[in-house]
Amino acid sequence: MYSEVARTARASSLPAVYKSKHVLPLIIIGIVVAGLTAAQALLIDWLPAATSEQAERTFTLLWVLFWCSTFFFTIVTAVLIYSIWKFRVSDDDLGDGPPIHGNTRLEVVWTVVPSIVLVVVAIYGYIVLQRNEAVAAGNLKVDVYAQQFNWTFGYTDAGFQTGTLVVPEGKQVELHLRARDVIHSFWVPEFGVKGDAVPGIDHVIWTTPTKTGTYPVVCAELCGVGHSVMRSKVVVLSQVDFDAWLAKSKGKVGSTTSTPATSTPAAAGTTAASPSGNATVGKTVFAASCTGCHMGDGTQDGGVGPKLQGTGLTLDLVTDQIKNGGATMPAGLVSGADEANVAAYVITLQK
Ligand code: CUA
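Here the sequence shown stands for residues -2 to 348, numbered as in the numbering used here.
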């Protein structure tokens, strides 16, 4: 048969006779494949701006891997497409293909080259991981508490907690991830770090912010009905601003502990008519710690927790709920004077 003769001829004398004929179409197909691959890489915003040292290293590694992959993908795909098109037998050709006993040189090349690439990539990845997890002396340690469905950040050394993570620019932050109920995952896309918070485990991750600004904290592990609203913020301040914030926050703790009377009347429930907490402060705390479940600062239906506005709640009920939890709401979401402050805010929603 003609086609089989032609095919045998092609297979046996391929390098010498067809070399020049194959190169140009292969290059054209390669350019098209590379162009399409590069376009979907460059036209879509795959990654946020890197705002930590770790993100800069990780994102660079990712792009190096991507362009290496594109290079080899282009070669393999171009040869594949060209072969399918050029060496396809006709539909009525039922004959056997030419007997081929492998090509040692080709097989050595396609084994050795990928092996070298893999080793280089593995070493590069290892170096990035080592640098990203190198512990800096005198870093800032923050406890991250995850629970359905909010984040709490504990500044252990300073002795207070917040609903928003505040960190200084240019200094390593050591985050101790802890879960109070189920598995959650702490993720700041701009920092390029993500870590699971698992009950019973102190999981440590490190990040060194490089740009001041406010970025989202996202829960990246399905943790229940409020998972999608389990969000917070991380605020990166300059070292000077951070020190001022830390001193101010410490000061607040001091005033709280020195005047325990602020929460005592509410707890006793004897002066239920007039809340003793500061509703304005309470609103800020509510926005940071409670809106993950109570939508619209407690004024809207549809959240994980109920709407709190106009429900006729008494101060005793609200205070008890904040202190002890109940239904799906855990106890201890806010502490200290903030219990009374948040209660005072919730009471303002009843008017
Ligand atoms: Cu916590 Cu999802």
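Glycine included, every Cβ here is placed at the ideal spot set by N, Cα and C.
Exercise. Taking the continuous beta strand (DSSP E) assigned at proline 111, which residues delimit it?
Worked result: Position 114 of the sequence shown, counting from 1, holds the residue named residue 111. Annotation for proline 111: no beta strand (DSSP E) segment contains it, though the alpha helix (DSSP H) segment containing it runs 101 to 129.
Exercise. Across which residues does DSSP place leucine 174 in a beta bridge pair?
Worked result: Position 177 of the sequence shown holds residue 174. Per DSSP, Val141 and His200.
For this session: Using only the heavy atoms of the ligand CUA, determine whether one of them is closer than 7 Å to the beta carbon of leucine 174.
Result: In the sequence shown, counting from the first residue as 1, residue 174 sits at position 177. Result no, Cβ not under 7 Å from the ligand CUA.
Problem set entry | Touch test, the segment 157 to 174 against the segment 195 to 204, Cβ-Cβ under 8 Å, three pairs minimum | Three or more Cβ pairs drawn from the segment 157 to 174 and the segment 195 to 204 lie within less than 8 Å of each other, which places the two stretches in contact.
Problem set entry | Same chain, Cβ closer than 6 Å to valine 231, five either side skipped, listed in chain order | In the sequence shown, residue 231 corresponds to position 234, counting from 1. Excluding residues within five positions, the ones whose Cβ falls inside 6 Å are Leu162, Val185, Tyr212 and Val214.
Exercise. Applying the criterion that 16 or more other CB atoms from any shown protein chain within 10 Å of the CB defines a buried residue, is threonine 288 buried or exposed?
Worked result: Translated into the one-based positions of the sequence shown, residue 288 becomes position 291. Only buried fits threonine 288, as 16 or more other CB atoms lie within 10 angstroms of its CB.
Exercise. Taking just the CA atoms, how far does glutamine 297 sit from valine 195?
Worked result: Taking the sequence shown and counting its residues from 1, one reaches residue 195 at position 198. Taking the sequence shown and counting its residues from 1, one reaches residue 297 at position 300. Looking at the two C-alpha atoms, the distance is approximately 31 Å.
For this session: Can you say whether threonine 267 is buried or exposed, counting buried as having 16 or more other CB atoms within 10 angstroms of its CB?
Result: Taking the first residue of the sequence shown as position 1, residue 267 is located at position 270. Bear in mind that the predicted position of threonine 267 carries a pLDDT of just 38, short of 50, making it unreliable; the figure below should be weighed with that in mind. The residue is exposed, with fewer than 16 neighbouring Cβ atoms inside 10 Å.
Problem set entry | For lysine 168, three-class secondary structure by DSSP | Reading the sequence shown from its first residue, position 171 is the one you call residue 168. In the three-state scheme derived from DSSP, where H, G and I count as helix and E and B as strand, lysine 168 is classed as coil.
Exercise. Beta strand (DSSP E) containing glutamine 318: first to last residue?
Worked result: By one-based count along the sequence shown, residue 318 stands at place 321. From DSSP, glutamine 318 is part of no beta strand (DSSP E) but of the alpha helix (DSSP H) over 312 to 321.
Problem set entry | CB contact flag (serine 182, glycine 192, <8 Å) | For the purposes of this step, residue 182 is identified with residue 185 of the sequence shown, where counting begins at 1. For the purposes of this step, residue 192 is identified with residue 195 of the sequence shown, where counting begins at 1. Closer than 8 Å, so yes.
For this session: Could you say which of Val125, Ala75, Leu62 and Ser112 lies nearest to leucine 33 if we only look at CA atoms?
Result: Taking the first residue of the sequence shown as 1, we reach residue 33 at position 36. Distance check between leucine 33 and each of Val125, Ala75, Leu62 and Ser112 places Ala75 closest, using alpha-carbon atoms only.
Problem set entry | Buried versus exposed call for tyrosine 123 [16 or more other C-beta atoms within 10 Å across all chains shown] | As a working mapping, residue 123 is identified with position 126 in the sequence shown. By the 10 Å Cβ count, tyrosine 123 comes out exposed.
For this session: Flag this pair as touching only if the segment 48 to 57 and the segment 92 to 108 have three or more C-beta atom pairs under 8 Å; answer yes or no.
Result: Judged by Cβ distances under 8 Å, the segment 48 to 57 makes no contact with the segment 92 to 108, as fewer than three pairs qualify.
Problem set entry | Any non-hydrogen atom of the ligand CUA within 7 Å of phenylalanine 146 CB | Taking the sequence shown and counting its residues from 1, the one referred to as residue 146 is at position 149. Yes; taking the cut-off as 7 Å, the Cβ of phenylalanine 146 has a heavy atom of the ligand CUA nearer than that.
For this session: Answer yes or no: the CB of glutamate 218 versus the heavy atoms of the ligand CUA, is any distance below 7 Å?
Result: Translated into positions along the sequence shown, residue 218 becomes position 221. In terms of side-chain proximity, the C-beta atom of glutamate 218 is found nearer than 7 Å to a non-hydrogen atom of the ligand CUA.
Exercise. CB leucine 310 to CB valine 343, shorter than 8 Å?
Worked result: Here residue 310 refers to the residue found at position 313 of the sequence shown. Here residue 343 refers to the residue found at position 346 of the sequence shown. For the pair leucine 310 and valine 343, the CB atoms are nearer than the 8 Å cut-off.
Problem set entry | Residue from Thr308, Gly156, Asp199 and Asp93 with nearest C-alpha to lysine 245 | For the purposes of this step, residue 245 is identified with residue 248 of the sequence shown, where counting begins at 1. Nearest C-alpha to lysine 245 among Thr308, Gly156, Asp199 and Asp93: Gly156.
For this session: Using beta-carbon positions only, say whether glycine 279 and asparagine 321 come within less than 8 Å of one another.
Result: In the sequence shown, counting from the first residue as 1, residue 279 sits at position 282. In the sequence shown, counting from the first residue as 1, residue 321 sits at position 324. Contact flag unset, no.
Exercise. Below 8 Å between beta carbons: does that hold for glycine 151 and valine 179?
Worked result: The residue you call residue 151 lines up with position 154 of the sequence shown. The residue you call residue 179 lines up with position 182 of the sequence shown. Between glycine 151 and valine 179, the C-beta gap is not smaller than 8 Å, which leaves the two residues out of contact.
Problem set entry | Element boundaries [beta strand (DSSP E), containing aspartate 193] | To locate residue 193, count along the sequence shown from 1; it is residue 196. Element bounds for aspartate 193: 190 to 194.
Problem set entry | Assumed close pair glycine 223, valine 301 - CB separation to whole angstroms, cut-off 8 Å | Position 226 of the sequence shown, counting from 1, holds the residue named residue 223. Position 304 of the sequence shown, counting from 1, holds the residue named residue 301. About 4 Å; that satisfies the 8 Å criterion.
Exercise. What separation, rounded to the nearest whole angstrom, lies between the Cα atoms of serine 80 and histidine 19?
Worked result: Position 83 of the sequence shown, counting from 1, holds the residue named residue 80. Position 22 of the sequence shown, counting from 1, holds the residue named residue 19. Per the coordinates, the alpha-carbon of serine 80 lies some 10 Å from the alpha-carbon of histidine 19.
For this session: Could you pull the start and end residues of the alpha helix (DSSP H) that threonine 280 belongs to?
Result: Along the sequence shown, one-based indexing puts residue 280 at 283. One point to set straight first is that residue 280 is lysine, not threonine, in the sequence displayed. For lysine 280, the uninterrupted alpha helix (DSSP H) segment begins and ends at 276 to 286.
Exercise. Helix, strand or coil: which one does DSSP assign to glutamate 336?
Worked result: The sequence position of residue 336 within the sequence shown is 339, counting from 1. Glutamate 336 carries a helical assignment under DSSP once its states are collapsed to helix, strand and coil.
Exercise. Does DSSP put valine 163 in a helix, a strand or coil?
Worked result: Translated into positions along the sequence shown, residue 163 becomes position 166. It is a strand residue.
Exercise. Leaving out five residues before and five after lysine 247 in sequence, what residues of the same chain have Cβ atoms less than 8 Å from its Cβ?
Worked result: Here residue 247 corresponds to residue number 250 of the sequence shown, with the count starting at 1. Result list for lysine 247: Ala155, Gly156 and Phe157, in chain order.
Problem set entry | valine 349, enclosing alpha helix (DSSP H) - first and last residue | The structure shown does not extend to residue 349, since the chain is modelled only from -2 through 348, so no value can be given for it.
Problem set entry | Neighbourhood of leucine 219 by C-beta, 6 Å cutoff - its chain only, sequence neighbours within 5 removed | Along the sequence shown, one-based indexing puts residue 219 at 222. Apart from the 5 residues on each side of it in sequence, leucine 219 has no Cβ closer than 6 Å to any other Cβ in its chain.
Exercise. How is the beta strand (DSSP E) around valine 214 delimited, first residue to last?
Worked result: Your numbering for residue 214 matches position 217 in the sequence shown. It spans 210 to 216 - the beta strand (DSSP E) in which valine 214 sits, taken as one unbroken run.
For this session: With a threshold of 7 Å, establish whether the CB of histidine 224 neighbours any heavy atom of the ligand CUA.
Result: Working through the sequence shown from its first residue, we reach residue 224 at position 227. It does: the Cβ of histidine 224 is within 7 Å (strictly closer) of some heavy atom of the ligand CUA.
Exercise. Do phenylalanine 188 and threonine 48 have their C-beta atoms within less than 8 Å of each other?
Worked result: Residue 188 sits at position 191 when you count from the first residue of the sequence shown. Residue 48 sits at position 51 when you count from the first residue of the sequence shown. Yes.
For this session: With DSSP as the reference, label serine 80 as helix, strand or coil.
Result: Position 83 of the sequence shown, counted from the first residue, corresponds to residue 80. The answer is helix: DSSP assigns serine 80 an H, G or I state.
Exercise. Is the beta carbon of histidine 181 within less than 7 Å of some heavy atom of the ligand CUA?
Worked result: As a working mapping, residue 181 is identified with position 184 in the sequence shown. Checking the Cβ of histidine 181 against the ligand CUA gives yes.
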